[in-house]
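*Asks:* Here it is: the structure, laid out below.
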Amino acid sequence: MRALEQNLAVHSYRAASVTRASTRVAVLHLEPAGPTALRYRAGQYLTVELNDGTLRAYSPATGMQVDGRLELHVQLYTGGRFSQRVEQGAHALGLLTVRGPFGQCVWPNSFDQAGQAILLATGTGIAPIRALLTDALTAGKGKDIRLYWGVASRDELYLRDEFAELEQRYSQFHFVPVLSRESSGGKVYVQHIASAQHTSLAHAWVFACGKPEMVSAAAKLLGEGNDLPASRFFADPFSASNTLPRADASASKPADIIPTLTVNVTRPGSRYPEPLRVRADASLMQALRDAQLVEGVCNGQQSCGTCRLTLPRVWFEALPQATRAEARLLRALPGAGPHDRLACQIALKPDLEGMQVLLTESPRLIL
Ligand SMILES: Cc1cc2nc3c(=O)[nH]c(=O)nc-3n(C[C@H](O)[C@H](O)[C@H](O)COP(=O)(O)OP(=O)(O)OC[C@H]3O[C@@H](n4cnc5c(N)ncnc54)[C@H](O)[C@@H]3O)c2cc1C
Ligand code: FES
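Numbering (this note's numbering), first residue to last: 3 to 369.
What follows is the structure, encoded as structure tokens:
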């Protein structure tokens, strides 16, 4: 189970520059400060480590560069821990530990010069979408590529000139800016515009990056209204770090009426399980992350694989089957075994009392 660790290498980077792209977005350039650079595909993401070991996910805005430099588009949140350091400039960032790559939001091999693609982005979700776009255009792929970029107002379209130039150069590319707050008829959303402009998307590929609400609404709308098969939808929802939305209203229940159960956890390299008492109202990933045993970098969106674990056969068979999305990610992770699952897809219930899990070597355990 060491394959994942070897594959997801750790690199040292130095902040080379920070520039403002718009009021609330900064462009951060990083350059390798050690012997190795991150190897990734356009559309994948990385993590940056903060001083206390917690992580933030960011998606490079270009494909891999020959000099190993990375371009990140950082949404600046008031009080955001990484945001604040970026706002202070390159000198405040110093040396950064970067890990990756994560995610499967990449062009499938079957996307060729005859392919149709719909690219949906909100805010800095444009970063991985821009990397995917330039990758396809320079490789001569795609007969029809439409980009829908949603922001609140015109001054936030910081890549508008670049996309206008690409439209001039590549006849197969069309850019549709969507200004959610500047429409006279109320708020407009990228997924609504894309859905209205196409009858069937049965043979298209759709990529969606940015607000989690947009990503889930787009999957539903384009699936039900435009015949888009789930296997042709690729997404990275940009959720806030370490905030897993609770699946039900039990989050608001007083702690003393939330049922609990014991999960027996065997750490990597150990032969002995340790009992862990957890609340039975969330996912197993959340419980393990609260205990600082897994990272759960993508907040349960089935894109990072950092919550993968192995179950004894009896417990594996006691769980509902993995969905296609979970099985797809498990297949893509190096070294995956037949009884592996993603902890973020296991809902804890009292009848899982005594469940045994074996933690695998993750890219990094917060221990
Ligand atoms: C797979 C993936 C890829 C990502 N790629 C990018 C990227 O390329 N560019 C980018 O700007 N962001 C990206 N994000 C989101 C980014 O990792 C988070 O927004 C991160 O929490 C910001 O860190 P921070 O330290 O500045 O703020 P934090 O200290 O984490 O948060 C401070 C406060 O800011 C608010 N906040 C933070 N993030 C969000 C959010 N995403 N949505 C709503 N409110 C929020 C919350 O109120 C939070 O309490 C990505 C996330 C994921 C999961
Ligand atoms: S938390 Fe990312 S795959 Fe489970």
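We put the beta carbon where it would ideally sit given N, CA and C, even for glycine.
Does DSSP classify Thr126 as helix, strand or coil?
*Replies:* The residue given as residue 126 occupies position 124 in the sequence shown. Residue state, collapsed to three classes: helix.
*Asks:* Quick check: the stretch 28-36 against the stretch 74-84, are at least 3 beta-carbon pairs closer than 8 Å?
*Replies:* yes
*Asks:* For Phe175, which residues does DSSP report across the bridge?
*Replies:* As a working mapping, residue 175 is identified with position 173 in the sequence shown. For Phe175, which the question treats as bridged, DSSP gives the partners Ile147.
*Asks:* Assuming Asn228 is part of the alpha helix (DSSP H), what are its boundary residues?
*Replies:* Residue mapping note: residue 228 aligns to position 226 of the sequence shown, counting from 1. Under the DSSP assignment, Asn228 falls in the alpha helix (DSSP H) whose first and last residues are Pro214 to Asn228.
*Asks:* In whole angstroms, what separates the C-alpha of Ser85 from that of Tyr79?
*Replies:* For this step, residue 85 is matched to residue 83 along the sequence shown. For this step, residue 79 is matched to residue 77 along the sequence shown. C-alpha of Ser85 to C-alpha of Tyr79: approximately 6 Å in a straight line.
*Asks:* Out of Ala196, Val68 and Pro231, point me to the one whose CA is closest to Met216's CA.
*Replies:* Sequence index remark: in the sequence shown, residue 216 carries index 214 (1-based). The option with the nearest alpha carbon to Met216 is Ala196.
*Asks:* Please name the residue in Ala133, Asp163, Arg310 and Gly188 whose C-alpha comes closest to that of Phe177.
*Replies:* As a working mapping, residue 177 is identified with position 175 in the sequence shown. Ranking Ala133, Asp163, Arg310 and Gly188 by Cα distance to Phe177 puts Asp163 first.
*Asks:* Using DSSP bridges, identify the partner residues of Leu98.
*Replies:* As a working note, residue 98 is residue 96 in the sequence shown. Paired residues: Tyr15.
*Asks:* Could you check the C-alpha separation between Glu355 and Leu263 for me, to the nearest Å?
*Replies:* If you number the sequence shown from 1, residue 355 lands on position 353. If you number the sequence shown from 1, residue 263 lands on position 261. Using only the alpha carbons, I get a separation of about 5 Å.
*Asks:* Ignoring anything shorter than 4 residues or poking outside the stretch 72-116, list the alpha helix (DSSP H) runs there in chain order.
*Replies:* 83-90 and 92-95
*Asks:* Let me confirm a value: Gln67 is counted as buried when at least 16 other C-beta atoms fall within 10 Å, else exposed. Which label applies?
*Replies:* Taking the first residue of the sequence shown as 1, we reach residue 67 at position 65. By the neighbour-count criterion, in which a residue is buried when 16 or more other Cβ atoms sit within 10 angstroms of its Cβ, Gln67 is exposed.
*Asks:* Work out the CA separation of Ala349 and Asp250 for me, nearest whole Å.
*Replies:* Counting from one through the sequence shown, the residue named residue 250 turns up at place 248. Counting from one through the sequence shown, the residue named residue 349 turns up at place 347. Only weak support exists for where Asp250 lies, its pLDDT of 37 falling under 50; the value from the coordinates is given anyway. Taking C-alpha positions only, Asp250 is separated from Ala349 by approximately 11 Å.
*Asks:* Run through DSSP, which three-state label would Phe235 get?
*Replies:* Here the question's residue 235 lines up with position 233 in the sequence shown. The answer is strand: DSSP assigns Phe235 an E or B state.
*Asks:* Mind checking which residues open and close the alpha helix (DSSP H) that includes Glu194?
*Replies:* In the sequence shown, counting from the first residue as 1, residue 194 sits at position 192. Per the sequence presented here, residue 194 reads as His, with Glu not at that position. First-last of the alpha helix (DSSP H) with His194: Val192 to Ala198.
*Asks:* Quick one: what's Asn266 bridged to in DSSP?
*Replies:* To locate residue 266, count along the sequence shown from 1; it is residue 264. According to DSSP, Asn266 bridges with Pro277 and Gln358.
*Asks:* Where does Tyr274 land, buried or exposed, given buried means 16+ other C-beta within 10 angstroms?
*Replies:* Residue mapping note: residue 274 aligns to position 272 of the sequence shown, counting from 1. Classification of Tyr274: exposed, given that the 10 Å Cβ count is below 16.
*Asks:* When every heavy atom of ligand 2 is checked, does at least one fall within less than 7 Å of the C-beta of Ala218?
*Replies:* The residue given as residue 218 occupies position 216 in the sequence shown. According to the sequence shown, residue 218 is Ser rather than Ala. No, the Cβ of Ser218 stays beyond 7 Å of every heavy atom of ligand 2.
*Asks:* Between the alpha carbons of Asp229 and Pro130, how many angstroms are there, rounded?
*Replies:* For the purposes of this step, residue 229 is taken as residue 227 along the sequence shown, with counting starting at 1. For the purposes of this step, residue 130 is taken as residue 128 along the sequence shown, with counting starting at 1. Rounded to whole angstroms, Asp229 to Pro130 spans 25 Å at the Cα level.
*Asks:* With DSSP collapsed to three states, give me the class of Gln118.
*Replies:* In the sequence shown, counting from the first residue as 1, residue 118 sits at position 116. It is a strand residue.
*Asks:* Please classify Glu184: does DSSP put it in a helix, a strand, or coil?
*Replies:* As a working note, residue 184 is residue 182 in the sequence shown. If DSSP states are grouped into helix, strand and coil, Glu184 belongs with coil.
*Asks:* Just to confirm, is the Cβ distance from Ala17 to Leu40 under 8 Å?
*Replies:* Translated into positions along the sequence shown, residue 17 becomes position 15. Translated into positions along the sequence shown, residue 40 becomes position 38. The answer is no: Cβ separation not under 8 Å.
*Asks:* Looking at the unbroken beta strand (DSSP E) that takes in Leu30, where does it start and where does it end?
*Replies:* Residue 30 sits at position 28 when you count from the first residue of the sequence shown. Note, Leu30: beta strand (DSSP E), Val27 to Pro34.
*Asks:* Is it true that the CB of Lys143 sits closer than 8 Å to the CB of Gln118?
*Replies:* Taking the first residue of the sequence shown as position 1, residue 118 is located at position 116. Taking the first residue of the sequence shown as position 1, residue 143 is located at position 141. Not closer than 8 Å, so no.
*Asks:* Can you tell me whether DSSP reads Asp283 as helix, strand or coil?
*Replies:* The residue given as residue 283 occupies position 281 in the sequence shown. Note: Asp283 maps to coil in three-state DSSP.
*Asks:* Our contact map puts Ala221 next to Ala133 with C-beta atoms below 8 Å; I'd like the distance itself, whole angstroms only.
*Replies:* Translated into positions along the sequence shown, residue 221 becomes position 219. Translated into positions along the sequence shown, residue 133 becomes position 131. Incorrect: roughly 21 Å between the Cβ atoms, too far for contact.
*Asks:* Assign Ser173 to buried or exposed, taking buried as 16 or more other Cβ atoms, counted over all protein chains shown, within 10 Å of its Cβ.
*Replies:* Locating residue 173 in the sequence shown gives position 171, counting from the first residue. Ser173 comes out exposed.
*Asks:* Please confirm whether any heavy atom of ligand 1 lies closer than 7 Å to the CB of Val76.
*Replies:* Taking the sequence shown and counting its residues from 1, the one referred to as residue 76 is at position 74. Yes, the beta carbon of Val76 sits closer than 7 Å to at least one heavy atom of ligand 1.
*Asks:* For Pro270, collect the residues of the same chain with a Cβ closer than 6 Å to its Cβ; drop the 5 residues on either side in sequence, then sort them by chain order.
*Replies:* Within the sequence shown, numbered from 1, the residue matching residue 270 stands at position 268. For Pro270, where only same-chain residues beyond five positions count, the Cβ hits under 6 Å are Leu361 and Glu363.
*Asks:* Rank Thr21, Ala123 and Val20 by C-alpha distance to the C-alpha of Ala219 and give the top, closest one.
*Replies:* In the sequence shown, residue 219 corresponds to position 217, counting from 1. If we check each option's Cα against that of Ala219, Ala123 comes out closest.
*Asks:* Starting from the N-terminal side, write out each stretch of the beta strand (DSSP E) that is 3 residues or longer and does not extend beyond the stretch 273-352.
*Replies:* Uninterrupted beta strand (DSSP E) stretches at least 3 residues long and entirely within the stretch 273-352 occur at 276-281, 310-312 and 342-344, given in chain order.
*Asks:* Do the stretch 307-320 and the stretch 289-297 make contact, defined as three or more Cβ pairs closer than 8 Å?
*Replies:* yes
*Asks:* To the nearest angstrom, how far is it from the Cα of His200 to the Cα of Gln288?
*Replies:* Working through the sequence shown from its first residue, we reach residue 200 at position 198. Working through the sequence shown from its first residue, we reach residue 288 at position 286. Spanning the two alpha carbons is a distance of roughly 39 Å.
*Asks:* Would you report the Cα separation of Val108 and Arg87, rounded to the nearest angstrom?
*Replies:* Translated into the one-based positions of the sequence shown, residue 108 becomes position 106. Translated into the one-based positions of the sequence shown, residue 87 becomes position 85. Distance between the alpha carbons of Val108 and Arg87: 29 Å.
*Asks:* In angstroms with no decimal places, state the Cα-to-Cα distance between Ser233 and Ser202.
*Replies:* The sequence position of residue 233 within the sequence shown is 231, counting from 1. The sequence position of residue 202 within the sequence shown is 200, counting from 1. Ser233 and Ser202: Cα-Cα distance of roughly 15 Å.
*Asks:* What do you reckon, is the C-beta of Gly82 under 7 Å from a heavy atom of ligand 1?
*Replies:* Your numbering for residue 82 matches position 80 in the sequence shown. Checking every heavy atom of ligand 1 against the Cβ of Gly82, one is found closer than 7 Å.
*Asks:* What first and last residue would you give for the beta strand (DSSP E) that runs through Glu51?
*Replies:* Looking up residue 51 in the sequence shown gives position 49. Tyr47 to Glu51 is the extent of the beta strand (DSSP E) around Glu51.
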